[in-house]
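S.K.:
Residue numbers (full-length UniProt numbering): 1 to 613.
1. Considering only C-alpha positions, which residue in the set 36, 53 and 52 is nearest to residue 45?
2. I need the DSSP call for residue 626, collapsed to helix, strand or coil.
3. When the Cα atoms are used, what is the spatial distance from residue 216 to residue 116?
4. Give me the residue from 235, 243, 271 and 265 with the minimum Cα distance to residue 257.
5. Would you please state the rounded distance, in angstroms, between the beta carbons of residue 137 and residue 85? I believe it to be under 8 Å.
6. Leaving out the 5 sequence neighbours to the left and right, which residues in its chain are closer than 7 Å to residue 206 when beta-carbon positions are compared?
7. Would you call the stretch 191 to 203 in contact with the stretch 140 to 157, where contact means no fewer than 3 C-beta pairs closer than 8 Å?
8. Could you tell me whether the Cβ atoms of residue 113 and residue 64 are closer together than 8 Å?
9. Buried or exposed: residue 200, going by 16 or more other Cβ atoms within 10 Å of its Cβ?
10. Drop a sphere of 10 angstroms on the beta-carbon of residue 5, count the other beta-carbons inside from all chains shown, and report buried for 16 or more, exposed for fewer.
11. What first and last residue would you give for the beta strand (DSSP E) that runs through residue 231?
12. Is the beta carbon of residue 265 less than 8 Å from the beta carbon of residue 303?
13. At 3 residues or longer, what runs of the beta strand (DSSP E) sit wholly inside the stretch 198 to 226?
14. Where does residue 5 fall in DSSP's three states?
15. Ordered along the chain, which non-local residues of its own chain (more than five positions away) have a Cβ less than 6 Å from that of residue 432?
16. Starting from residue 423, trace the alpha helix (DSSP H) in both directions and tell me its first and last residue.
17. Quick check on the burial criterion: 16 or more other C-beta atoms within 10 angstroms. Buried or exposed for residue 147?
18. Can you say whether residue 237 is buried or exposed, counting buried as having 16 or more other CB atoms within 10 angstroms of its CB?
19. Given that a residue counts as buried once 16 or more other Cβ atoms are within 10 Å of its Cβ, and exposed if not, what is residue 233?
20. Could you tell me the distance, in whole angstroms, from the CA atom of residue 243 to the CA atom of residue 249?
21. Where does residue 245 fall in DSSP's three states?
22. Starting from residue 94, follow its DSSP beta bridges and name the residues at the other end.
23. Does residue 119 pass the burial test, meaning 16 or more other C-beta atoms within 10 Å, or should it be called exposed?
24. Ignore the nearest five residues each way along the sequence and tell me which others in residue 105's own chain have a CB closer than 6 Å to its CB.
25. Closest by CA to residue 133, which one among 355, 179, 223 and 88?
26. What are the boundary residues of the beta strand (DSSP E) that includes residue 286?
27. If I measure Cβ to Cβ from residue 30 and keep anything under 6 Å in the same chain, skipping five residues before and after, which residues do I get?
28. Assign residue 313 to one of three DSSP states: helix, strand, or coil.
29. Beta carbon of residue 126, beta carbon of residue 143: below 8 Å?
30. Going straight from the alpha carbon of residue 83 to that of residue 43, what length do you get?
31. Just the Cα atoms here: how many angstroms apart are residue 121 and residue 301?
32. For residue 526, count neighbouring C-beta atoms within 10 Å of its own C-beta (all shown protein chains included) and say buried if the count is 16 or more, exposed if not.
33. With a threshold of 16 other CB atoms inside 10 Å of the CB of residue 289, please say whether the residue is buried or exposed.
34. Do you know offhand how far residue 90's Cα is from residue 298's?
35. Going by the beta-carbon positions, is the gap between residue 241 and residue 285 smaller than 8 Å?
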């Protein structure tokens, strides 16, 4: 699981927490705040312009998760650089949002908020890569066993089976809230102190999420003063860090692990026992464990870290998770193969039972034929016995007759000879009857076999006729549906064609109206210019008439054609000319106003593409 997938799982919980109405959409203002916070915790330079542009207020409404993903990928996740931020801060931000809405613990045994947050992080790490996020029961059992190992207790499998036996868990797996509810119930940790549970959760959290392979106190020999000092060591796949104490506040050093590193066990010396050394290219570090078991665990863990670094793997538990998933997939494949084999065996068993039934039917038919044959044989024997009885009677009568008719023996000898011939003929006839009876029995057996085959052929023919009729009905239904769709398509094409013709006609009318309006505007502009010229001319004439010439005065040379006229009094023609000019001036102004209104109306109709009535 890469860094992007881990971040997406946490952000998914934050997004669903903001979806108050559970409609799959979140308002743009909330997404804007979420994106700004993600910029901060991921240490990405802020892009206010892109943020404002993408989440500006408009009428589009809220945004779904699919609509938010392009912005999230382009402006946030694509700019994330591993190692420049603390992932725990991202998880804390997303946990704060989702816990306010979904995490409401009830009961006496309630986990502290920090432990609930760590369990949430462990759930995200071990959950499946599909949404909504769930954790299968095997992973839950694995995680609970890790907790029990950290607390040195045995897992209560009965309570776990009760939780797993629930229908929702069997169908979909554990959700994070069901998992937290199970941990909060206290049934799995009955009789264990809360401090022990918190320490176990922290240890498993650091091991799985924090990629801590092992940590604890070791004695380290100094490089300069060569004295021994007890340090708290924390081993990760690529580094071995040591601190002053287990609170991990004062960091004293960092040992980088790579393929050139190796671990060797050293003999006891300098008053130290259980010694081993870690050799790197620049330095060799001498270390001492508390006992032989701890030394073996530390050397094995360091070798594991070196192996992970050489293989290019950043996390042991990610590798273990993939291996467990592969094992589950292999078990699932084997189970499916077994099911297929069982189905095949069931099919073979059914076929065998069917053949046995057919064999029983054949045996029954054979028994019936044997019964018929025995009945025919009995009837033939009865006929033969009757014939023998008749012959014996005839022989007795012949002997009685011989005694009485000995004299007539010579005469009857010929008749006796004929009687013997007749007996031979009867025996031959009897033999032929027996042969005919055998042939009839065989013919009946053949007839029964043919009738059975004919019945089977008739049944097959009836099934094929039913299939043919169903196919014919489906074909007719498909032809009718195709005809209906063709008729609907034809009607739709005709309506669209009529709409297109109507739109073309309206377009032509609009173009003609626009052309007429343009001509009217040109004529109005021409009249306006002419009226303006007339107004200017009358204004000049008025200015001239407003200064009449007195007796003995002369107009200047620029006075025009009226310089030689005199205005003796108000009743003269000059006064009438002035009044007439005033009336024409007022009339011209009224014409200008009407022309100006007409032109503005026509301009409005031209700019707005409105039809002039």
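Beta carbons: idealized from backbone N, C-alpha and C, even for Gly.
M.R.: Based on what the coordinates show:
1. Here residue 45 corresponds to residue number 45 of the chain shown, with the count starting at 1. Among 36, 53 and 52, the Cα nearest to that of residue 45 belongs to 36.
2. A query on residue 626 cannot be resolved here, the shown segment of the chain reaching from 1 to 613 and no further.
3. Your numbering for residue 216 matches position 216 in the chain shown. Your numbering for residue 116 matches position 116 in the chain shown. The alpha-carbon atoms of residue 216 and residue 116 are separated by roughly 25 Å.
4. By one-based count along the chain shown, residue 257 stands at place 257. It is 235.
5. By one-based count along the chain shown, residue 137 stands at place 137. By one-based count along the chain shown, residue 85 stands at place 85. Actually they are not in contact, since the Cβ atoms of residue 137 and residue 85 sit about 34 Å apart, beyond 8 Å.
6. In the chain shown, the residue the question calls residue 206 occupies position 206. Counting only Cβ-Cβ distances below 7 Å, and skipping sequence neighbours, we find 212.
7. yes
8. Translated into the one-based positions of the chain shown, residue 113 becomes position 113. Translated into the one-based positions of the chain shown, residue 64 becomes position 64. Cβ atoms of residue 113 and residue 64: not closer than 8 Å.
9. Translated into positions along the chain shown, residue 200 becomes position 200. With 16 or more Cβ atoms within 10 Å of its Cβ, residue 200 is classed as buried.
10. Here residue 5 refers to the residue found at position 5 of the chain shown. Classification for residue 5: exposed.
11. The sequence position of residue 231 within the chain shown is 231, counting from 1. Residues 228 to 235.
12. Counted from its first residue, the chain shown places residue 265 at position 265. Counted from its first residue, the chain shown places residue 303 at position 303. Not in contact: residue 265 and residue 303 (Cβ atoms no closer than 8 Å).
13. 214 to 221
14. Against the chain shown, residue 5 aligns to sequence position 5. Residue state, collapsed to three classes: helix.
15. Stepping through the chain shown from its first residue, residue 432 is reached at position 432. Excluding positions up to five away in sequence, the list is empty.
16. Position 423 of the chain shown holds residue 423. 409 to 545 is the extent of the alpha helix (DSSP H) around residue 423.
17. Working through the chain shown from its first residue, we reach residue 147 at position 147. Buried is the call here.
18. Here residue 237 is taken as the residue at index 237 of the chain shown, counted from 1. Flag for residue 237 reads buried.
19. What you label residue 233 is simply residue 233 of the chain shown in a count that begins at 1. By the 10 Å Cβ count, residue 233 comes out buried.
20. Taking the chain shown and counting its residues from 1, one reaches residue 243 at position 243. Taking the chain shown and counting its residues from 1, one reaches residue 249 at position 249. Cα to Cα, the separation comes out at about 7 Å.
21. To locate residue 245, count along the chain shown from 1; it is residue 245. Reduced to three states, the DSSP call for residue 245 is coil.
22. As a position in the chain shown, residue 94 is number 94, starting the count at 1. DSSP lists no partner for residue 94.
23. For the purposes of this step, residue 119 is identified with residue 119 of the chain shown, where counting begins at 1. The residue is buried, with at least 16 neighbouring Cβ atoms inside 10 Å.
24. Here residue 105 corresponds to residue number 105 of the chain shown, with the count starting at 1. Correct list, in chain order: 184.
25. Position 133 of the chain shown, counted from the first residue, corresponds to residue 133. For residue 133, the nearest C-alpha among the options comes from 179.
26. Walking along the chain shown from the start, residue 286 turns up at place 286. Run containing residue 286: 284 to 288, per the beta strand (DSSP E) assignment.
27. To locate residue 30, count along the chain shown from 1; it is residue 30. Around residue 30: 18.
28. Looking up residue 313 in the chain shown gives position 313. Three-state result, residue 313: coil.
29. As a working note, residue 126 is residue 126 in the chain shown. As a working note, residue 143 is residue 143 in the chain shown. Contact flag set, yes.
30. Taking the first residue of the chain shown as 1, we reach residue 83 at position 83. Taking the first residue of the chain shown as 1, we reach residue 43 at position 43. Using only the alpha carbons, I get a separation of about 10 Å.
31. Locating residue 121 in the chain shown gives position 121, counting from the first residue. Locating residue 301 in the chain shown gives position 301, counting from the first residue. Whole-angstrom Cα-Cα distance: 24 Å.
32. Counted from its first residue, the chain shown places residue 526 at position 526. Answer is exposed; the Cβ neighbour count stays below 16.
33. Position 289 of the chain shown holds residue 289. Flag for residue 289 reads buried.
34. Taking the chain shown and counting its residues from 1, the one referred to as residue 90 is at position 90. Taking the chain shown and counting its residues from 1, the one referred to as residue 298 is at position 298. Straight-line Cα distance between these residues: approximately 32 Å.
35. For the purposes of this step, residue 241 is taken as residue 241 along the chain shown, with counting starting at 1. For the purposes of this step, residue 285 is taken as residue 285 along the chain shown, with counting starting at 1. No. Outside cutoff.
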